[in-house]
DNA sequence: CGAAAATTGGTAATAGGTTTCATTCCTGAT
DNA sequence: ATCAGGAATGAAACCTATTACCAATTTTCG
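Chains as they are written, first to last, in this note's numbering: chain R, 1 to 141; chain D, 142 to 282.
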């Protein structure tokens with residue numbers, strides 16, 4: 001699994017305030033924010049920061065193994081928890097909940113491996129309704 | 142399971158040549174094509190078709206339950222197999238392989254349910270290298 | 001057939017993200 | 001502490017995938 005040790009090809013990393021703020025914005029929430037959200041958050045302590053800088057740093061932090069992305073449809077969200085884990089997604093409010101990666105191998109994984117496929121990671125998302133949305137939608141909306 | 146029977150909110154569907162061609166383009170391949178690919182394909186038998194029409198029809202066919210989308214990063218791909226199934230994705234060549242949905246429940250699913258979450262579907266993708274890319278990359282590229 | 005409504009092609013507009021470039025900022029060596 | 005050189009930044013232009021708009025065509029159905 002890609003660690004944070006910088007490989008050769010990666011350009012030297014400098015320690016800038018905007019980079020630190022971008023990382024912290026993601027790390028200090030469990031909401032798996034979007035780039036836009038991070039931008040607004042960083043702006044609070046650094047009003048002249050540019051959106052491009054936020055995107056560049058998110059990208060760099062992902063390449064450095066300090067952040068992970070999660071993407072569905074047109075939205076990309078960022079996560080400072082880089083350990084492998086699965087998700088529950090509420091299709092109504094967009095809640096993205098981390099769930100531990102419990103059992104080891106899924107049967108189909110074993111089958112793929114035996115057929116010669118090399119598996120590096122998996123993405124497992126459960127999609128449905130969170131408790132709030134479930135009860136909210138049960139009544140008259 | 143969402144069938145092709147049109148619900149109330151969906152506007153009446155007419156049977157147009159372009160709609161048929163869009164569906165067939167997706168149904169006659171197992172490559173999970175992109176909208177652009179479908180456009181090029183439909184164009185062969187209908188050179189004046191517009192990209193917008195292709196997008197609209199893909200959207201309509203998805204809403205009607207006749208197609209499914211699969212999305213990762215910035216690419217959306219379409220699939221005429223609407224039964225639930227999982228995928229293997231080659232991170233090198235982009236191969237998207239259908240794999241049957243084998244065993245029933247994954248342990249974390251049971252746990253989520255018991256905590257009050259309502260699960261409607263799941264997305265399970267294994268990501269790695271297909272046989273070709275694996276052996277190709279093993280040598281000197 | 002003929003009218004009403006869905007659909008289309010062509011094109012403009014968006015959303016989300018990336019690139020460019022002149023300027024500013026870090027860092028490691030002095 | 002200073003300084004040179006490469007990174008990183010802000011601002012704005014640019015891209016790509018997708019959607020919206022609208023006048024002109026098709027379908028459908030009585």
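Ideal placement from N, C-alpha and C gives every residue a C-beta, glycine not left out.
The structure presented is a predicted model; accordingly, all values stated were derived computationally and were not measured.
Taking every protein chain shown into account, the CB of residue 273/D has fewer than 16 other CB atoms within 10 angstroms, so this residue is exposed. Per DSSP, residue 52/R is one residue of the alpha helix (DSSP H) stretching across 51–63. Bridge partners of residue 87/R according to DSSP: 98/R, 125/R.
With a beta-carbon spacing of about 5 Å, residue 38/R and residue 25/R fall inside the 8 Å limit used to define contacts. Taking the C-beta atoms as reference points, residue 71/R is found nearer than 8 Å to residue 213/D. Within chain R, no residue has its beta carbon less than 7 Å from that of residue 239/D; the closest one is some 11 Å off. Residue 78/R carries a strand assignment under DSSP once its states are collapsed to helix, strand and coil. By the criterion of at least three beta-carbon pairs nearer than 8 Å, the stretch 265–279 of chain D is in contact with the stretch 231–250 of chain D. In the three-state reduction of the DSSP assignment, residue 72/R falls in the strand class. Residue 121/R holds the alpha-carbon nearest to the alpha-carbon of residue 82/R among 18/R, 15/R, 121/R, 128/R. For residue 164/D, the uninterrupted alpha helix (DSSP H) segment begins and ends at 158–168. Look at the stretch 205–218 of chain D: the residues with a C-beta under 7 Å from a C-beta of chain R are 212, 213, 214. At least 8 Å separates the CB of residue 55/R from every CB of chain D. Residue 126/R has a beta carbon lying within less than 8 Å of a beta carbon in chain D. Interface flag for residue 227/D against chain R is set, since a Cβ pair is found closer than 8 Å.
Listed along chain D are 258, each with a C-beta nearer than 7 Å to that of residue 130/R. Residue pairing by DSSP places residue 260/D opposite 128/R in a beta bridge. Residue 34/R is bridged by DSSP to 77/R.
Under the Cβ distance rule, residue 263/D counts among the residues neighbouring chain R, one pair being separated by less than 8 Å. Proximity to residue 209/D across 268/D, 164/D, 157/D, 269/D peaks at 164/D, based on C-alpha coordinates.
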